[in-house]
Amino acid sequence: MSELRQDPTTREWVIIATERRRRPHEFENVNSGKKGSYENIPEYSEDCPFCPGNEYLSPNEIKSFRRYGTFPNSTGWWVRVVPNKFPALSAASGIAQGVSAVKNVAMDFTGYFFPRATEIFRTKPGVGAHEVVVDTSKHNESIPSFSDKQIQELFLMYKDRYLDLRNDPRFKYIIIFKNSGVNAGTSIIHSHSQIIATPVIPLTLRNNIQQARYYFDEVGRCIFCDMIQAEIVDGRRIILQTTDFIVFHPFASMNPFETWIMPLSHEPCFANEDTNKIKALGVIVKKVISGMKGALNDPDYNFVFNNPPIADEKEEYYHWSLRIIPRISMKAGFEIGTGMSINTAVPEETAEFMRGFLKE
Ligand SMILES: [Zn+2]
Ligand SMILES: [Zn+2]
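No gaps in the numbering here: position 194 of the sequence shown is 193 in numbering that gives the first Met the number 0, and each next residue is one more.
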């Protein structure tokens, strides 16, 4: 089982992922991988753990959307969720282990025991969930080539899994994200996304929440709703607007071409949105990623959902978003040393450029 460790100087938690750990020499060639491309690869690959027919290569499935009459862990699915084989966090809990295996234990407010190495270095067992969503049954399909139906089903699966995981009282936060390409953190070409449920609330999110709460207390409105209004009034950073969603490059964008998708009507958590909105969201994400493919020569990218902690899903102060970040720049010394970003692109200009690639 992995371990959570807290930096006593920042209070940020870090997951020390023992199950995925690499020995020091294995980091040597980490940047030598080639860029993944979906051209000239077959629809099926016999050693791919995510291809239909190879279901036995992954742990037993958690959920799938599949043809009526077909069985779990066999072919016939179009979206499939399995546990991550090398989880950063796992649901096998550390309760028993916490009490018996260590002398110096403490109990957190959810009732779980965790070892305390010393007063200053705090740890917790890595209890959580780490799931892989296989986005499609086709080895050579990436989001721009998905049918609308496929992307809609994928996003409905995200909601489905969120609503299931949120019931586990040990989990405080659920993040859904996708890494596409080597520069975005994945080497498996078969399109997939991931869901991680954590037993702590990440510090970045805590800061975010604090600002949003503060604004809500002071002004009495959602800071994100006000930001959306300001973006609409300005208009220069918007790349797409529909009945339900706004897509824009944020005013203080941290990365070139970083794109935010937000619902126009106030809603704290994406999983509270109805089926039609979830489907519409999927189609917008496909559109934006296809646009990026044209504008930026098929970049590697990440997308991440920003939701509130599970306990705050109905609180008025927060407003969910989905953020897409093409991996076209690298964090360097200044960013690492300060946590501040240097964005070498101007959001007003990148938004205008992107609009040209989002035509029907
Ligand atoms: Zn595959
Ligand atoms: Zn709002």
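Cβ atoms here follow ideal geometry from the backbone N, Cα and C, with glycine treated the same way.
Option nearest residue i by Cα separation, candidates the options
i: L239; options: F352, C50 and T8; result: F352
i: N207; options: C221, E60 and S144; result: C221
i: E45; options: H189, R79 and G180; result: H189
i: P71; options: V282, G52, T185 and L164; result: G52
i: I341; options: F333, N59 and E312; result: F333
i: E42; options: E140, D299 and W76; result: E140
i: T203; options: N39, E54, E348 and M339; result: M339
i: I40; options: K123, K137 and L88; result: K137
i: L164; options: K123, P58, A90 and K292; result: A90
i: P124; options: A16, M226 and G68; result: A16
i: A183; options: N59, I327, F250 and E348; result: I327
i: A344; options: A331, L280, N254 and G336; result: N254
i: S59; options: Y37, N83, C47 and A331; result: The sequence given here places Asn at residue 59; Ser does not occur at that position. Nearest C-alpha to N59: N83.
i: A229; options: G180, D216, W76 and L263; result: L263
i: R235; options: W12, E348, A331 and D225; result: E348
i: L280; options: G336, H191 and Y157; result: Y157
i: H265; options: N166, E38 and D225; result: D225
i: C47; options: A331, E38, H191 and G75; result: H191
With 16 other Cβ atoms within 10 Å as the buried cut-off, status of residue i
i: P307; result: buried
i: A95; result: For A95, the pLDDT reaches just 32, beneath the cut-off of 50, and the residue's location in the model is therefore unreliable, although a value from the coordinates is still provided. With fewer than 16 Cβ atoms within 10 Å of its Cβ, A95 is classed as exposed.
i: R121; result: buried
i: D107; result: A caution first: D107 carries a pLDDT of 43, below 50, which makes its placement in the model too unreliable to give a value.
i: G355; result: exposed
i: F244; result: buried
i: F145; result: buried
i: F85; result: exposed
i: D233; result: exposed
i: Q209; result: exposed
i: R65; result: buried
i: M329; result: exposed
i: R10; result: exposed
i: N178; result: buried
i: A350; result: buried
i: G219; result: exposed
i: F49; result: buried
i: E54; result: buried
i: I195; result: buried
i: G68; result: exposed
i: P168; result: exposed
i: D311; result: buried
i: G290; result: buried
i: G180; result: buried
i: L56; result: exposed
Distance CB(residue i)-CB(residue j) smaller than 8 Å
i: I237; j: F223; result: no
i: K171; j: I309; result: yes
i: D159; j: K276; result: no
i: W319; j: N305; result: yes
i: S252; j: P325; result: no
i: A417; j: S186; result: Coverage of the chain is limited to positions 0 through 359, which leaves residue 417 absent and any answer about it impossible.
i: L162; j: T274; result: no
i: Y300; j: R212; result: no
i: K292; j: Q151; result: no
i: L357; j: K313; result: no
Anticipated Cβ contact below 8 Å, residue i with residue j, distance rounded
i: V284; j: F256; result: Not a contact, Cβ separation roughly 15 Å.
i: Q193; j: F176; result: 6 Å
i: R322; j: T241; result: Going by Cβ atoms, the distance from R322 to T241 rounds to 18 Å, so no, they are not a contact pair.
i: L153; j: V78; result: 5 Å
i: V126; j: P198; result: 5 Å
i: I142; j: I288; result: 5 Å
i: P7; j: I119; result: 5 Å
i: D147; j: V282; result: 5 Å
i: M261; j: I231; result: Actually they are not in contact, since the Cβ atoms of M261 and I231 sit about 11 Å apart, beyond 8 Å.
At least three beta-carbon pairs within less than 8 Å, the region 117 to 132 to the region 267 to 275: Touching, no, given that fewer than three Cβ pairs across the two stretches are closer than 8 Å.
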